[in-house]
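Okay, so here's the structure we're looking at.
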Amino acid sequence: METRQWMSILLSLATALMLFVMFLSYRKRHLQVARTMIFVMLTASFYAFGYAFEILSGSLRGVKLSMQFEYLGIPFVSAFWLLLVIQFTGAAARYRKLLVVSLFVIPLGTFFLHLTNDWHHLVYKEYILNTESTLPLYNTLKGPWYSVHGVYNYTILLFGILLFIPMYLRSLPIVRKQIVVLILGAAAPMLFNIGYMFGKTIDFTPLGFAVSGVVYAWGIFRFHLLRLTPLAFAKVFDTIRDGVVLLDYENQIVNHNRAAEGVFPELGTTKSFPAHGKDVLADCPDLLERISAADSRDERFPFQRLQENRHKHYICSLSYIYDTGMVPIGKILMFNDITELMENEEKLREKSQRLSQLNEFKDKLFTVVAHDIRDPIALLVSLTELLGDEPTDADIANAEIFQEIRRQVGSTFYLVDNLLDWYRSQNGEVTFRPMAWNLQQVVRQAMSLAGARAGMKQIRLEELVDETLTVNADKEMLDLILRNLLSNAIKFSGIGGRIEIAALSDGDLVKVFVKDNGAGIDEETSKLLRQEELFFKGPGFANEGGKTRFGLVLTREFLRIHGGRLQFESVHGEGTTFTFTLPGSHGRSGTSLNDGTEVMAN
1 METRQWMSIL LSLATALMLF VMFLSYRKRH LQVARTMIFV MLTASFYAFG YAFEILSGSL
61 RGVKLSMQFE YLGIPFVSAF WLLLVIQFTG AAARYRKLLV VSLFVIPLGT FFLHLTNDWH
121 HLVYKEYILN TESTLPLYNT LKGPWYSVHG VYNYTILLFG ILLFIPMYLR SLPIVRKQIV
181 VLILGAAAPM LFNIGYMFGK TIDFTPLGFA VSGVVYAWGI FRFHLLRLTP LAFAKVFDTI
241 RDGVVLLDYE NQIVNHNRAA EGVFPELGTT KSFPAHGKDV LADCPDLLER ISAADSRDER
301 FPFQRLQENR HKHYICSLSY IYDTGMVPIG KILMFNDITE LMENEEKLRE KSQRLSQLNE
361 FKDKLFTVVA HDIRDPIALL VSLTELLGDE PTDADIANAE IFQEIRRQVG STFYLVDNLL
421 DWYRSQNGEV TFRPMAWNLQ QVVRQAMSLA GARAGMKQIR LEELVDETLT VNADKEMLDL
481 ILRNLLSNAI KFSGIGGRIE IAALSDGDLV KVFVKDNGAG IDEETSKLLR QEELFFKGPG
541 FANEGGKTRF GLVLTREFLR IHGGRLQFES VHGEGTTFTF TLPGSHGRSG TSLNDGTEVM
601 AN
């Protein structure tokens, strides 16, 4: 069989191999790189198949026709390969469309100039019959544009390889192997073409594309060339929230992602990599010591760093990277930011401490009630009963005053005793059971109990509450709130004073106002009501003023349990207005904190 026939068979097999790679690429056509690989192999197939017909042609007309078919691929192969490299490396993503247009200007010019070469001879000046051999049948004398075409192709191939170099240096082993496959696929036809350019009479460049086909098919099956491109690896690497630093076996930093620059800004200012960790992480000697001292086991450890006057907390994972065997070739250091988690834990600890304080307040509150209030009141009740059993002439003269004292002492004792019974019935658990209550009726009941004391000072009590207003409240707590505020207003109002209780609806809340024209709140009580401290520290609770403050603080805490607030405005010598809020009967009743206890957050 003649050499021409052998050559045409080899070129046909090369074409079939490139079409096979096209088929493999088509199966992954959802990937941009795979779609570009289809065009690389298609244009190379035109070149190889057209060259097979050129070798078999027996006339100049047949040679020219075959070359027209070849030039469907020759100008475009290198351009498509460079486009593949750009997509593979993710270079110039913002200018991709403009780059594609400029990339194909010269190939399109080459195609049309060859198509019309007989008119201007810019590509081939002359076809010369080969008298020494039949392969090739005609030698060509190249024109000026052929030189432009050649320089353009070699420039593209060189530029593509240069794009691969930095990516190769910072990539993982699997990605490096894919890069080598792509470079070898481009190098094979280039080397064959260089041989042809330097005096060989037969152009074996299409057979070089056959080698490319073999290399690409091997890369697809062996290294998953078209499954997940390095660009995808890079995107994952750069966009994960955890900081990642790659180190080689000498503990030199070879790569890092953007999140790592947030942990170590020094990485962003380092000019080139690899860079020694001792230079980049000089401010973190403990971390460097941990990295250097690590054995072959993976480990996790906490790491702290002061950034922008704020302590940042991380959990670090140090893992080894191995080659295809069990030889370690580097380390990967990951930083998981747990600052927010640590801060939330601190807030939870503060809330837990506050809850403990609330429990201590509860215990102290009922200790005070049981020992410092209940016993003296019980003694007063006994004394008034004894006086009532043996009246004298003086008692009869003051019977009205005596009976009022007796009622007030008895009522107060009843209230305190009920409060203690309520506490004991819960086995130490304060229970909050809100129900819908008509506010006007509750206010009138409280005013009725305070009426006698107000009458002794000729204080006028006025109720301005709409009869339709209802609140969601614990009845015992609400009674205590109103009694304490009324008692405080009566105490500090002068003879002939005036106390007004009013209320209005404010969305889901009901605002209640207790206003008097008395002396106003003293500075010590004002400070006590504004502070967050819940305990009764310091002197003052043994005297009359202390008892008043005790009642107001208790009122404030009961309102907090309801989800309400206690506010006040006081002008010395002109009076005080207490304002508190409660949920309306259509609002929420609260959120359970413990068994049998429901509260609303303030």
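Going by the UniProt record's numbering, the residue at position 319 of the sequence shown is 319; the numbering climbs one at a time, nothing skipped. Even for Gly, the Cβ is constructed at its ideal location relative to N, Cα and C. Predicted model, so just to flag it, every value in this text is computed and none were measured.
Check, Outcome
"Identified DSSP bridge partners for N503", "According to the sequence provided, residue 503 is Ala. The question's Asn does not apply to it. V512, per the DSSP bridge assignment."
"Under 9 Å between C-beta atoms of I561 and M477", "yes"
"Option nearest Y146 by Cα separation, candidates Y138, L137, E126 and G160", "E126"
"Cβ neighbour criterion (16 or more within 10 Å) applied to G428", "The predicted model places G428 with a pLDDT of 49, which falls under 50 and marks its position as unreliable; any figure quoted below should be read in that light. So G428 counts as exposed."
"Beta-carbon spacing of L333, H313 below 9 Å", "no"
"Residue nearest to E463 in terms of C-alpha spacing, selected from L439, L19, M435 and M22", "L439"
"C-beta contact flag for T36 and V77 at 9 Å", "no"
"Endpoints, beta strand (DSSP E) assigned at Y314", "R310 to Y322"
"S133 burial status per 10 Å Cβ neighbour count (16 or more: buried)", "exposed"
"Short Cβ contact (9 Å threshold) for L482 with V442", "yes"
"7 Å CB neighbourhood of A489 in its chain, flanking five on each side removed", "I499, V514, D516 and G518"
"Between the CA atoms of L287 and S272 - distance to the nearest angstrom", "22 Å"
"When L485, E467 and S493 are compared against G455, the one with the closest alpha-carbon", "S493"
"Contact between the region 135–153 and the region 116–126 (3+ Cβ pairs under 8 Å)", "yes"
"Inter-residue Cα distance where the pair is A282 and Y152", "47 Å"
"Ranges of the beta strand (DSSP E) found wholly within the region 239–305, counting only runs of at least 3", "243–248 and 252–256"
"Beta-carbon proximity list for Y154, same chain, < 8 Å, skipping 5 on both sides", "M190"
"C-alpha gap between Y320 and F88, whole angstroms", "27 Å"
"Euclidean distance between Cα positions of D474 and F432", "6 Å"
"Element boundaries [alpha helix (DSSP H), containing F492]", "K475 to F492"
"L135 vs T3 beta-carbon contact at 9 Å", "yes"
"Whether D248 touches G150 by CB criterion (9 Å)", "no"
"Nearest-angstrom Cα separation, counted from F49 out to S12", "6 Å"
"Short Cβ contact (9 Å threshold) for G507 with R460", "no"
"Cβ pair W81, V40 closer than 9 Å", "yes"
"Residues that R460 bridges to, as DSSP identifies them", "R498"
"Between the CA atoms of Y138 and I128 - distance to the nearest angstrom", "5 Å"
"Neighbourhood of Q252 by C-beta distance below 6 Å, restricted to the same chain and skipping five residues each side", "P274 and H276"
"Proximity to V214 [Cα-Cα], best of L365, R241, V148 and V181", "V181"
"Span of the beta strand (DSSP E) around K331", "P328 to D337"
"Residue burial classification, Y71 (beta-carbon count within 10 angstroms, cutoff 16)", "buried"
"Nonlocal neighbours in the same chain, by C-beta distance under 7 Å from E299, ignoring five residues either side", "L318"
"Terminal residues of the beta strand (DSSP E) in which L129 lies", "Y124 to L129"
"Buried or exposed by the 16-neighbour rule on C-beta atoms within 10 Å, applied to P583", "buried"
"Reference Q357, options L108, E557 and L83, closest by Cα", "E557"
"Buried/exposed call for Y95, threshold 16 Cβ in 10 Å", "exposed"
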